[in-house]
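Trainee: Can you read through this structure? Questions will come right after.
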Amino acid sequence: MADINSALALTDAPKTAADAPAPAPAEAAPLVDFVELLFFAYRDFVADPDEILAPIGFGRAHHRVVHFVNRHPGMRVTDLLDILRITKQSLGRVLRELVDEGFVESRAGASDRRQRLLFPTAKGETLAREFVALQSRRIETALEASGPEGRDTVRRFLLAMIDPEDRVPVERLIERADRSARARRG
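Each residue of the sequence shown is one higher than the last, beginning at 105 in the working numbering.
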C-alpha cells in the first residue's frame with residue numbers, strides 16, 4: 105500500500121498557480137474513472153482464486169491455464185499460447201508445475217506425436233469448478249445490481265473491449281467451449 109499512499113501524497117494541491125497542471129479535457133475524466141474501476145474490479149475478481157492458489161505456491165498464470173485447459177480439454181499447447189499471449193518459456197514453467205502437481209495432463213497428439221495436447225485431471229477439474237463458482241457468484245451479484253438489461257449491456261461492453269480482430273475468434277472459442285460442456289453433461 106506504500107505505493108498508493110505515496111502516490112496520493114503527491115496529488116496534494118500545487119504550491120503556486122504556475123505549478124498547477126493544465127486542465128484535462130472534460131471528456132477524459134470519466135474514462136480515467138473507468139480505467140480505475142476496471143483495475144479494482146479485476147483485483148477483486150481474481151482475489152478469490154488467488155487465495156486458493158497461494159497456499160500451494162501457484163499464481164494467476166496457473167489459474168488461467170487451469171481455466172482454459174478445463175474449458176477446452178485436448179487443446180494444443182500452441183493454442184493455449186495464442187490465447188494467453190505469453191512466451192513458450194513462461195507457459196512451460198507453469199505447465200510443468202501443473203502437470204507435476206496433478207492438475208493437468210499432457211499427451212502426445214494422435215496424428216502428430218510432437219503435438220502436445222492438454223487435459224484437466226479430476227483434480228484440475230475440481231479446482232477449475234471452484235474458481236468458476238466463486239467468480240460466477242461475484243459476477244451474478246454485479247449483474248443483479250446492474251438492472252434488467254445489465255447482462256446484455258455488460259456482455260456487449262466486455263466484447264467491445266477486446267481488440268476488433270479478436271472479437272469473432274473469442275466469441276467462437278467461447279461458443280465452442282459452451283457446446284462441448286453441454287455435450288459432456290449429456
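The beta carbon of each residue, even a glycine, is placed where N, CA and C say it ideally should be. These numbers were taken from a predicted model, which means no experiment stands behind them.
Decide if A212 is buried, meaning its Cβ has at least 16 other Cβ atoms within 10 Å, or exposed.
Mentor: A212 is classed as exposed because its beta carbon has fewer than 16 other beta carbons within 10 Å across all chains shown.
Trainee: When you compare only the Cα positions, how much space is there between L114 and R286?
Mentor: Only weak support is given to the placement of L114: the predicted model assigns it a pLDDT of 42, under 50, and the value that follows is read from those uncertain coordinates. Cα to Cα, the separation comes out at about 53 Å.
Trainee: Can you give me the Cβ contacts of D152 inside the same chain, cut-off strictly under 6 Å, excluding the 5 residues immediately before and after it?
Mentor: L238
Trainee: Leaving out five residues on either side along the sequence, give the residues of the same chain with a beta carbon under 8 Å from the beta carbon of Q179.
Mentor: It is Met, not Gln, that sits at residue 179 in the sequence shown. Within the same chain, M179 has close Cβ partners F172, V173, L221, L222.
Trainee: Could you give the distance in angstroms between the alpha-carbon of F261 and the alpha-carbon of F138?
Mentor: For F261 and F138, the distance between alpha carbons rounds to 12 Å.
Trainee: List the DSSP bridge partners of S210.
Mentor: L222
Trainee: Around the C-beta of L199, are 16 or more other C-beta atoms found within 10 angstroms, so that it is buried, or is it exposed?
Mentor: buried
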